[in-house]
Structures are given as C-alpha cells and as structure tokens.
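Step one of this worksheet: look at the structure below.
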Amino acid sequence: MTHDVAQDVRDWVDEIAAKTQPKEIRYLAGTDEEYRELTQDLLEAGTIVPVPKRPGSYLARSSRDDVARMEDRTFICSEHEIDAGPTNNWHDPTEMRSTLDELFTGSMRGRTLFVVPFTMGPLGGPISQIGVEITDSAYVAVSMMLMTRVTPEVHGAIDEGAFWVKALHSVGAPLDQGQEDIAWPSNPTRYITHFPETREIISYGSAYGGNALLAKKAFALRIASVMARDEGWMAEHMLILRMRHETGRVVHIAGAFPSACGKTNLAMLQSSLPEWQVETIGDDIAWLRPGSDGRLWAINPEYGFFGVAPGTSEKTNKVAMDMMERDVMFTNVALTDDGDVWWEGMSKEIPANLTDWQGNAYDPTGDQPAAHPNARFTVRASQAPSIAPDYDAPEGFPIDAIIFGGRRPSLVPLVLQSRSWQHGVFVGSTISSQQTAAAEGPVGQIRRDPFAMLPFAGYNMGDYFGHWLRMGEQLGDRAPKIFNVNWFRRDEDGGFLWPGFSENARVLDWIAKRLVGEVPGVETPVGILPAADELNLTGLDIDAETLNAIITCDVDGWQDEMNDVGAFFERFGHRLPNELSRELADVQSRLSSAYAAS
Ligand code: OXD
Ligand code: MN
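In terms of numbering that gives the first Met the number 0, the sequence shown has 141 at position 142, counting the first letter as 1, and numbering is strictly consecutive.
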C-alpha cells in the first residue's frame with residue numbers, strides 16, 4: 000500500500016527546503032529499488048566501494064575527522080538549564096535555533112534533500128513510535144534503510160494524527176554550480192542538538208553514526224527518554240536477548256553496557272552450556288513499558304545493527320561473522336587485495352597488501368591500525384542467524400532480568416545480584432567503564448556512565464534516576480530482578496581472568512537460577528554473589544584462586560569505590576533522589592561492619 004506524503008510532513012519539508020535550498024527533494028519509500036539507486040549514486044560519488052567477496056556489500060570511508068559520536072558537540076537544548084542536568088551540554092534553545100538557522104541557510108545547495116519516513120518498532124505497535132528524517136546525505140539515507148523500518152505508511156499514520164518526531168540533518172557542505180563533490184562531505188563545524196520539549200532533533204556537520212543516523216541515539220535514546228519520563232515508560236541503552244533452556248523454559252534479559260563493551264557479542268552469544276540457547280532480539284536499544292499483566296515488556300525499536308567491527312571474529316562472535324556474509328554497509332574497515340574486508344582482531348595474521356580505512360596502502364610495520372578502532376558494520380537485524388523468529392513482535396517480550404555492566408579491570412565481580420529494585424537502581428547509577436573508541440575522548444580512562452546512558456539521557460540524570468525508582472514502585476513484585484556483571488577483570492600482567500564470550504552463558508545460567516531461587520547466593524555488602532559451586536563450570540579450565548578473585552567482595556576496594564560514588568553523586572545536587580543517598584549510606588555501613596568483622 001502506498002500513501003501520499005502527509006500534509007504536515009510536506010509543510011515541514013517545504014519550510015526546510017526554502018531555507019536549505021537543495022537542488023531537488025526526494026521522498027523515500029524504503030524500497031529495494033531505491034536502496035539500489037542510492038548505493039549506485041554513492042559508488043559514483045566515491046563515498047563507497049564494493050566489497051566483492053560479500054555480495055551486496057560496500058565499504059564507506061569517512062574523512063579522518065568524522066569517525067565517532069562527538070559528545071562535546073552534542074547538546075540538550077531544554078528551556079531550563081537544570082533540566083539538562085550536570086552530565087549534558089546545555090544550550091539555550093532560542094540561541095541554538097538561531098545559530099542553526101544561519102548554518103542551515105543554503106546548506107543543501109547543489110544536493111538532494113532526502114525525506115526518510117521511519118518507524119521504530121512495527122508500525123502501530125503499543126511501544127512503537129514514528130519519525131521523519133530529512134538529510135542531504137545518501138549514505139545516511141541508505142544507512143537509515145538498514146537501521147530502521149523506512150515505510151511510506153508513516154505518512155498515513157501522521158495524517159491520522161499520530162505523534163511523530165522531526166529529525167533534521169545536513170552535512171553542511173553545499174555545492175556551488177560546477178563544483179566537484181568529495182567522497183565524504185561534512186563540515187568541521189558540528190552540532191548534534193536536541194529540543195526535548197518539542198521532541199525535535201537538528202544535526203549539522205557530521206555524517207557519522209549516531210551524529211547523523213538520527214533515529215538511533217538522538218531519537219531512540221535522548222528524545223525517547225524524555226517522552227518515556229513523561230509517559231511512564233523507559234528508553235534504555237540495552238540489548239535484549241532470550242535464553243531458551245532445553246526443558247522449554249525461556250528467560251528474557253535486557254542489558255545495559257556502555258558503548259563498545261560487547262552488547263552485540265552478548266546479544267549473539269553462542270552458549271557454551273548445551274542446555275541453553277540464546278536468541279537475539281536487540282543489540283543496542285530497548286524501549287520498555289509495563290504491560291497489562293503488570294510486567295515490564297520490551298521491544299528493540301531498531302531494524303538493524305550498527306556494530307563495532309574491530310575485535311569481531313569467528314571466535315568472539317561467529318553469529319556476527321555469518322551475518323556479515325552479504326548485504327552489509329561497512330564503514331572505515333580495511334580492504335584485502337582479494338576484495339574482502341578486514342579489521343584488527345578478525346584474524347591473528349594481518350593479510351598482506353591491505354588497504355587501510357583511509358584508502359591507502361597499509362604499512363603493517365607502523366603503529367597505526369588498518370581499520371579505524373570505531374569502524375562499523377551496518378546490517379539488517381533479520382540477517383543474524385541467531386535472531387529470534389518473533390523478534391519484531393509488536394508487544395515485545397516480558398523482561399525477567401536486567402543486567403548492568405562495564406569494563407572494569409579490577410574490583411567489580413563477575414556477577415552480583417542487587418538486593419532490591421532500589422538497590423539495583425543504585426547499582427545502575429554507579430556503572431563505570433574504561434572508555435572506548437565509540438566516542439571521541441581518551442580511550443582507557445575509567446568514567447562513570449550511569450545506566451550506560453551518560454551520553455544518551457535527554458534530561459537531568461538525577462531525574463532519570465528518580466524515574467527508574469518510580470517505575471520500580473509501579474512494577475512492584477513484577478519488576479525484573481537486577482544484576483551487575485563484569486567480564487573484564489584482569490591479572491597483573493593484563494590478561495583476562497574470565498574467558499568471556501560464549502562462556503558468559505555460565506553467568507547467565509546463574510542469573511536464571513537466581514530468578515527461580517534455585518541457588519541461594521552469598522550475601523555481601525555490595526549484593527548477592529555466587530558461591531563457587533553455584534556456577535556451572537563443567538568443561539571450563541579455571542583455577543580456584545582465579546575464580547575466587549572474581550567472585551569475592553574486596554571490602555577495602557569497595558570502600559574506596561563508594562567514596563568515589565559519593566563524590567559523583569554530589570554533582571546532582573538536590574536532583575539526586577534521597578533513596579540513592581540512602582542506598583549509598585547502607586552499602587557504606589555494611590562495608591564498615593564487614594571491615595570491623597574481618
Ligand atoms: C553505539 C554507541 O554506536 O553506543 O551503539 O556508540
Ligand atoms: Mn550503543
């Protein structure tokens with residue numbers, strides 16, 4: 000069924016076109032034919048090159064300075080500064096609009112303005128939302144076709160009065176008459192702006208990832224988190240997976256981890272325990288809403304994966320490697336001389352005669368990687384061999400457990416269960432992780448990343464903590480149980496103490512057992528930890544000392560950690576919910592008692 004363009008969309012497009020002066024306007028319907036035409040245009044423009052070894056696949060090479068989300072250029076333009084909170088860059092909305100107005104004037108000259116109508120979650124689903132992105136980048140348009148459901152039916156829904164989000168994007172690189180285009184047009188002046196009260200997104204200058212594919216971080220997390228606060232649901236930086244036991248039992252888990260901490264690998268886990276199978280539902284974003292049964296139901300609002308390529312291999316994520324055999328849009332990976340892609344970690348040996356991510360002959364003796372550390376693959380979710388057959392069920396899935404995690408080389412144990420929802424909110428509010436290449440900034444430094452939402456909460460993080468507490472009150476004893484995991488503990492020589500990847504199934508198995516009270520766990524000041532014999536370690540080569548190191552509570556270390564949390568909490572001033580100060584005091588007092596007893 001086709002639809003006319005919604006009048007409201009046409010009015011908006013006309014207004015934007017009058018300002019940005021594109022050479023043409025193209026309303027997309029998300030068809031395969033459009034996808035082919037746009038990729039053809041991108042091939043001719045030199046933005047992408049084919050990857051002959053993988054049918055239907057391409058490689059895009061960005062400019063050197065446009066390779067990651069730019070948190071320092073990301074703004075929350077709420078009417079009041081306090082509503083953006085201490086963890087966001089705030090800017091006055093009126094001033095920002097006038098800055099953007101100037102930048103967008105003539106910004107699409109010589110280019111095509113694409114209108115991309117998309118739905119997050121199946122159209123009409125009880126948790127779904129719709130939006131329209133205007134962009135002057137064909138690369139962004141095709142990426143949106145992989146990452147979201149692009150359909151003209153969105154126009155029909157808008158005409159019928161459905162709420163929709165406006166997302167405006169320009170690379171800020173107008174072309175004068177006769178001027179040759181370049182492969183990756185962008186502008187060094189960059190703004191990724193969000194207007195929470197009017198639910199609008201305006202992005203200028205970058206064509207990369209979350210800066211430009213506005214359905215993802217900008218809509219599905221920053222704007223959606225504000226909508227969720229106002230409407231009583233949750234928009235979270237979470238994977239969703241289903242564990243299926245050979246007895247038929249199913250467990251649905253949502254997991255929040257900071258960027259590039261292995262959410263995609265976990266969502267596609269190939270269980271080392273034969274009794275469990277994992278099905279993938281989502282790898283990055285979950286929208287969760289209490290259902291009529293009082294449980295918390297979740298959908299993955301996206302339609303594709305935008306995963307970090309480096310580190311992905313047959314060993315770390317075979318499912319992803321199989322998924323990438325065809326129809327993939329790669330960005331900033333290296334190319335082999337026989338027409339395949341390559342990145343660090345894909346194989347031990349570096350293939351000879353590589354072309355690096357910038358298109359130059361690669362020098363393996365130098366100190367630069369061949370693929371950019373934040374190189375990505377963009378692919379439809381349905382291509383994952385592990386995808387749950389019903390992954391796009393409109394009503395979603397009832398979540399049994401929520402897990403938090405991050406990269407912590409020391410202290411944080413392999414797994415712990417929170418004592419209550421409120422304690423779980425405290426645990427989520429204190430997530431910290433070594434920084435990765437997913438965002439610009441110093442890689443390796445540990446930063447607090449509450450709920451893995453530091454760069455993504457569209458409002459005051461203190462209020463966001465409060466929203467989590469309220470959701471827990473509403474869910475009561477139907478609320479998912481909350482856990483924290485850490486696969487990244489290291490020894491003095493930097494080696495990992497836990498093998499990770501498919502062996503993480505052993506941790507999920509303990510979580511599943513805790514959900515039904517099959518194992519008692521061990522009460523510690525920081526939560527319930529597994530006793531060594533509660534973990535199924537059959538077939539795993541791990542010595543007792545190593546295991547002990549990752550499943551005990553280091554009282555001294557945790558005392559320091561809690562002091563650090565206290566200092567972090569001070570940032571939120573009176574917007575920090577009292578419940579969290581009380582949880583902190585409780586953990587500290589339990590630690591003091593344990594210290595005194597030792
Ligand atoms: C992502 C991120 O791309 O979190 O998912 O940076
Ligand atoms: Mn992410």
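Where a beta carbon is used, it is the ideal one built from N, C-alpha and C, also for glycine.
If I measure Cβ to Cβ from residue i and keep anything under 7 Å in the same chain, skipping five residues before and after, which residues do I get?
{"i": "MET0", "result": "Unreliable placement is indicated for MET0, whose pLDDT of 48 sits below 50; no coordinate value is reported for it."}
{"i": "GLU560", "result": "LEU410"}
{"i": "TYR138", "result": "LEU41, THR46, ALA59 and ALA206"}
{"i": "ASP508", "result": "LEU272, TRP275 and ASN535"}
{"i": "ARG63", "result": "GLN357"}
{"i": "PRO479", "result": "LEU295, ILE398, ASP399, ALA400 and ILE401"}
Please classify residue i as buried or exposed, where buried requires at least 16 neighbouring CB atoms within 10 angstroms.
{"i": "SER258", "result": "buried"}
{"i": "PHE162", "result": "exposed"}
{"i": "TYR207", "result": "buried"}
{"i": "PRO529", "result": "buried"}
{"i": "PRO54", "result": "exposed"}
{"i": "PRO449", "result": "buried"}
{"i": "HIS79", "result": "exposed"}
{"i": "ASP563", "result": "exposed"}
{"i": "ILE133", "result": "buried"}
{"i": "GLU169", "result": "A small fix is needed here, since residue 169 is Ser in this sequence, not Glu. Looking at its Cβ environment, which holds 16 or more other Cβ atoms inside 10 Å, SER169 is buried."}
{"i": "ALA266", "result": "buried"}
{"i": "THR93", "result": "exposed"}
{"i": "ILE181", "result": "exposed"}
{"i": "VAL515", "result": "exposed"}
{"i": "SER417", "result": "buried"}
{"i": "HIS236", "result": "buried"}
{"i": "ALA255", "result": "buried"}
{"i": "ASN359", "result": "exposed"}
I'd like the list of long-range same chain contacts for residue i, defined as Cβ closer than 6 Å, with 5 residues on each side in sequence excluded.
{"i": "GLN382", "result": "MET322"}
{"i": "PRO363", "result": "ILE349"}
{"i": "LEU575", "result": "GLY461 and PHE568"}
{"i": "GLN598", "result": "The displayed coordinates of the chain run from 0 to 597. Any statement about residue 598 would go beyond what the structure contains."}
{"i": "PRO51", "result": "GLY338"}
{"i": "ALA595", "result": "none"}
{"i": "GLN433", "result": "ARG406, GLY443 and ILE445"}
Which residues does DSSP pair with residue i in a beta bridge?
{"i": "ASN483", "result": "PHE403 and LEU415"}
{"i": "LEU112", "result": "ILE24"}
{"i": "ASN535", "result": "DSSP lists no partner for ASN535."}
{"i": "MET233", "result": "LEU287"}
{"i": "LYS165", "result": "VAL131 and GLU199"}
{"i": "PHE194", "result": "GLU199"}
{"i": "ILE47", "result": "ALA59"}
{"i": "GLY616", "result": "In the structure as shown, the chain begins at 0 and stops at 597. Residue 616 is therefore absent and cannot be evaluated."}
{"i": "TRP183", "result": "Paired residue(s): none; TRP183 is not in a bridge."}
{"i": "SER385", "result": "DSSP, once it has assigned bridges, lists no residue as partnering SER385."}
{"i": "GLN433", "result": "ILE445"}
{"i": "PHE304", "result": "VAL378"}
With distances taken between CB atoms, is the gap from residue i to residue j smaller than 8 Å?
{"i": "SER270", "j": "ALA211", "result": "no"}
{"i": "SER202", "j": "THR192", "result": "yes"}
{"i": "SER77", "j": "GLU196", "result": "yes"}
{"i": "ARG406", "j": "THR429", "result": "no"}
{"i": "ASP355", "j": "TRP183", "result": "no"}
{"i": "ILE200", "j": "LEU240", "result": "no"}
{"i": "GLY395", "j": "ILE126", "result": "yes"}
{"i": "VAL277", "j": "HIS154", "result": "no"}
{"i": "PHE571", "j": "PRO85", "result": "yes"}
{"i": "GLY379", "j": "GLY303", "result": "Looking at the sequence itself, residue 379 is Arg, so the reference to Gly does not match. The answer is yes: Cβ separation under 8 Å."}
{"i": "VAL238", "j": "ALA140", "result": "For the record, residue 238 in the displayed sequence is Leu; it is not Val. No, the pair does not count as a contact, with Cβ atoms beyond the cut-off."}
{"i": "CYS552", "j": "PRO412", "result": "yes"}
{"i": "GLU70", "j": "GLY440", "result": "yes"}
{"i": "ALA351", "j": "TRP342", "result": "no"}
{"i": "ALA593", "j": "PRO524", "result": "yes"}
{"i": "ALA438", "j": "ALA166", "result": "no"}
Could you pull out every residue in the same chain whose Cβ sits closer than 8 Å to the Cβ of residue i, ignoring the five residues on either side in sequence?
{"i": "GLY344", "result": "PRO309, GLY310, THR311, SER312 and THR315"}
{"i": "LEU539", "result": "SER271, PRO498, GLU502 and ARG505"}
{"i": "PRO273", "result": "GLU245"}
{"i": "ARG145", "result": "Reading the sequence as shown, one finds Leu at residue 145 and not Arg. Result list for LEU145: TYR302, GLY303, MET328, THR377, VAL378 and ARG379, in chain order."}
{"i": "VAL164", "result": "GLN128, ILE129, GLY130, VAL131, ARG198, GLU199, ILE200, PHE218 and ILE222"}
{"i": "MET143", "result": "VAL115, PHE117, GLU132, THR134, VAL149, LEU212 and ALA214"}
### Query
Between the segment 485 to 496 and the segment 539 to 552, are three or more C-beta pairs nearer than 8 Å?
yes
### Task
Give a yes or no on contact between the segment 399 to 406 and the segment 363 to 381, applying the rule of three or more CB pairs nearer than 8 Å.
no
### Task
Take every Cβ of the segment 242 to 253, pair it with every Cβ of the segment 217 to 228, and state whether three or more of those distances are shorter than 8 Å.
no
### Query
Between the segment 324 to 338 and the segment 47 to 67, are three or more C-beta pairs nearer than 8 Å?
yes
### Message
Could you check whether the segment 95 to 114 touches the segment 15 to 27, counting it as contact only if at least three pairs of C-beta atoms, one from each stretch, sit closer than 8 Å?
### Response
yes
### Query
Counting Cβ pairs closer than 8 Å, one from the segment 421 to 435 and one from the segment 573 to 588, do we hit at least three?
yes
### Query
Taking a cut-off of 5 Å, which residues have a beta-carbon closer than that to any heavy atom of the ligand ATP, in chain order?
This structure simply doesn't include the ligand ATP; it includes the ligand OXD and the ligand MN instead.
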